[in-house]
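With numbering that gives the first Met the number 0, letter number 319 in the sequence shown gets 318, and the count goes up by one each step, no holes.
Built from N, CA and C at the ideal position, the CB exists for glycine as well.
From a predicted model like this one, the values you see are computed outputs, not experimental measurements.
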Amino acid sequence: MPSWSDVLTHSLERLKERASTDPDAGVRDGILASWRRSYDSQALGDRLDLPYDDNLNLSTRLVRAARPVIEKVQSDIDGSPLTLILGDSTGKVLLRHSGEPCLEGQLDRALLAPGFSYAEKYAGTNGIGTALEDRSTALVRGAEHFNEQLQVFACVGVPVRDPITRRQLGVLDITTWADRAHPALTALVRQAGASIEDSLLTMSSRGARSLLEQYLRSSRAAEDRVIAVSDEAFIGSATAADRIGGLGRPELWALTVDALGNSDRAEISLMSGTEYATTLTVRAIRSPYGRLDGAIVEIPSSAPAPPVQRSSPARPRGTHQLSPLVLGPMAMVGRMAAARLPVCLVGEPGTGKRTLIQDIAMREFPGRTVVVIDCGDDDIEAKLGSVGEHLADGHPVIVRDADGLASGRLAELVSGMDLPSASGWLTFTTRTHRKSVEGAEEAEGDLAAAGIPMIALPPLRARVQDLRVLLPDMVRRLSRGRVTAVSPELLTRLIREPWPGNLAEVVELVTTMIPSATDSVLREQHLPADFGSGLRYRLTPLEWMTRDAIVESLRACDWDKARAAEALGMSRASIYRKIKAYNIEPGA
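Pasting the structure below:
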């Protein structure tokens, strides 16, 4: 019986000779597809000849978000044969941090270093280029590499996406020796990638919060004559958008940047054919360092109003006190609802994706029914077949957990919709989670191909202070008004919990506590006896990433701490210390 490595090597040689490859030989479909792309691109298989560009832009949002994450992981894997690599959206290596000099030297010889391109068309099948091509996590082990010089390595690459637009910004890769490949590495790089996206969202949200505040302040007196715009956002009523001739965000933002330059105010003259239409006044919104975060566009009252007006998206009461990590996505989804444009909300299970869309839909479509289609239902095909009819009747439709659909079904559904002519609103939710990330990646690929934007809703642990706003309303609603407040001690205790189930887990807990309340205040003493002890302090996003990676490694190693530490490149002392500090228990 030939070894796994021999089977792969033989299959690769046959593929290079344009011979058919037996699909039952054990080679994964994704690897075969990548080999075919590599062969068709004339990537070399016996030597490396990679383009080099020494013009590295290390001041981008991607690098600024990734560097602290990579450095944190680096401190944990120092001395271990693991290397973290950050590449841009073309596959060019930007950063490399190695835990072992011997591995670093071999990577130098393989040209896996800053400035060199590891795009699949140059380097063949590899963790960086293949992750970018497949738009999903790519695990490449030993002889699965197209190029023979890379077969001493095992690597896992995960795309890093813009958390608002879901556009691929780059890829994070972890590389080790081929014989050190372990499932925990996939968990580690996914968690690190998620932490980078959280940092990107925080960066976006600083500017988004300022943009939203300025918009709300400016639009109080003249909502239909004010628009907020940035490189990621377009906030304004449908009426305001129609007053500027239906200009989209990319076009309006380009005009705004060009008009402002280094100024804080400017004017933009819009033309209609060969005739003067109107002049817009734009005001810059800048960061403390002078960076242009966005602008407020003021439309003169003389601009013609469109004949048909729609209400602007309303926000749930009290939501202005929520974290900008939520306000940003909320504003984006509201804008899509006002314009009747399809959208997908992406996030972990229980984060409130369906609730957010449903609240906005109920306000934007008064008198209509919000149709929720759960992709886990037995009669899902019949329900999907009725989507077009619901949209034509003007109802908003939520296709929930679209990552649960069979392969290719989502693409088929979207391609069969006549969305521009529908008076309803088509929305999707997909889950990004350890147990369903692959399905989510495929669903996101189908939606991206259809041009449907994806907006990320972060997990509760990244915005746990929102519980101060959400809990009182949640308690009143679940108790039907009998309990109206939460004690400060209980609130402090709950804010220190990890909440892997997000808001859904909070709802479940509060539901069990309410019968124990004897007055109008929910208190710490009402917690179940078996409720967790909580964390001793609030974890940072990087600490959450480390905790999640340790939990995944422990699961993969059947909770053998020594094996999990080895898989992660940690010492036993380090993993024991972190397990205690992060309150990790079996079953976490």
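Collapsed DSSP secondary structure at residue i in the structure displayed
| i | result |
| --- | --- |
| residue 350 | coil |
| residue 101 | helix |
| residue 484 | strand |
| residue 34 | helix |
| residue 84 | strand |
| residue 156 | strand |
| residue 516 | coil |
| residue 462 | coil |
| residue 259 | helix |
| residue 447 | helix |
| residue 109 | coil |
| residue 574 | helix |
| residue 266 | strand |
| residue 47 | coil |
| residue 506 | helix |
8 Å Cβ cutoff met for residue i and residue j
| i | j | result |
| --- | --- | --- |
| residue 198 | residue 68 | yes |
| residue 104 | residue 81 | no |
| residue 458 | residue 350 | yes |
| residue 281 | residue 454 | no |
| residue 448 | residue 410 | yes |
| residue 445 | residue 413 | yes |
| residue 442 | residue 484 | no |
| residue 232 | residue 329 | no |
| residue 367 | residue 393 | yes |
| residue 268 | residue 252 | no |
| residue 238 | residue 294 | no |
| residue 61 | residue 168 | yes |
| residue 556 | residue 563 | yes |
| residue 468 | residue 259 | no |
| residue 73 | residue 83 | yes |
| residue 463 | residue 486 | no |
| residue 456 | residue 470 | no |
| residue 482 | residue 513 | yes |
| residue 226 | residue 296 | yes |
| residue 30 | residue 124 | yes |
Same chain, Cβ closer than 6 Å to residue i, neighbours up to 5 away in sequence not counted
| i | result |
| --- | --- |
| residue 584 | none |
| residue 286 | 292 |
| residue 116 | 49, 50, 90 and 91 |
| residue 364 | 395 |
| residue 156 | 126, 127, 130, 137, 170 and 172 |
| residue 503 | 349 |
| residue 581 | 546 |
| residue 150 | 141, 142 and 144 |
| residue 436 | Confidence is the limiting factor: at residue 436 the pLDDT is only 46, short of 50, which leaves the residue's position unreliable, though a coordinate-based value still follows. Result list for residue 436: empty, nothing under 6 Å. |
Beta-carbon proximity list for residue i, same chain, < 7 Å, skipping 5 on both sides
| i | result |
| --- | --- |
| residue 140 | 153, 177 and 180 |
| residue 515 | 525 |
| residue 185 | 136, 138 and 155 |
| residue 336 | 312, 359, 360, 363 and 424 |
| residue 561 | 571 |
| residue 378 | none |
| residue 509 | 473, 474 and 477 |
| residue 341 | 418, 425, 426 and 451 |
Extent of the continuous beta strand (DSSP E) run through residue i
| i | result |
| --- | --- |
| residue 591 | With the chain covering only 0 through 587, there is no way to say anything about residue 591. |
| residue 173 | 167-176 |
| residue 430 | 424-430 |
| residue 297 | 291-297 |
| residue 341 | No beta strand (DSSP E) contains residue 341, which DSSP labels as neither H nor E. |
| residue 373 | 370-373 |
| residue 454 | 453-455 |
| residue 227 | 225-228 |
| residue 398 | 395-399 |
Delimiting residues of the alpha helix (DSSP H) encompassing residue i
| i | result |
| --- | --- |
| residue 386 | 386-391 |
| residue 122 | 119-122 |
| residue 140 | Not the alpha helix (DSSP H): residue 140 falls in the beta strand (DSSP E), residues 137-140. |
| residue 68 | 60-76 |
| residue 128 | 126-133 |
Among the options, the one whose alpha carbon lies nearest that of residue i
| i | options | result |
| --- | --- | --- |
| residue 146 | 57, 252 and 47 | 47 |
| residue 54 | 96, 114 and 493 | 114 |
| residue 430 | 398, 407, 450 and 71 | 398 |
| residue 243 | 259, 223 and 260 | 223 |
| residue 325 | 382, 290 and 201 | 201 |
| residue 100 | 357, 76 and 451 | 76 |
| residue 43 | 28, 465, 227 and 118 | 118 |
| residue 355 | 341, 132, 333 and 559 | 333 |
| residue 36 | 466, 121 and 522 | 121 |
| residue 299 | 277, 93 and 288 | 277 |
Residues near residue i by beta carbon distance below 8 Å, same chain, minus five either side
| i | result |
| --- | --- |
| residue 390 | 396, 416, 418, 421, 422, 423, 424 and 425 |
| residue 511 | 527 |
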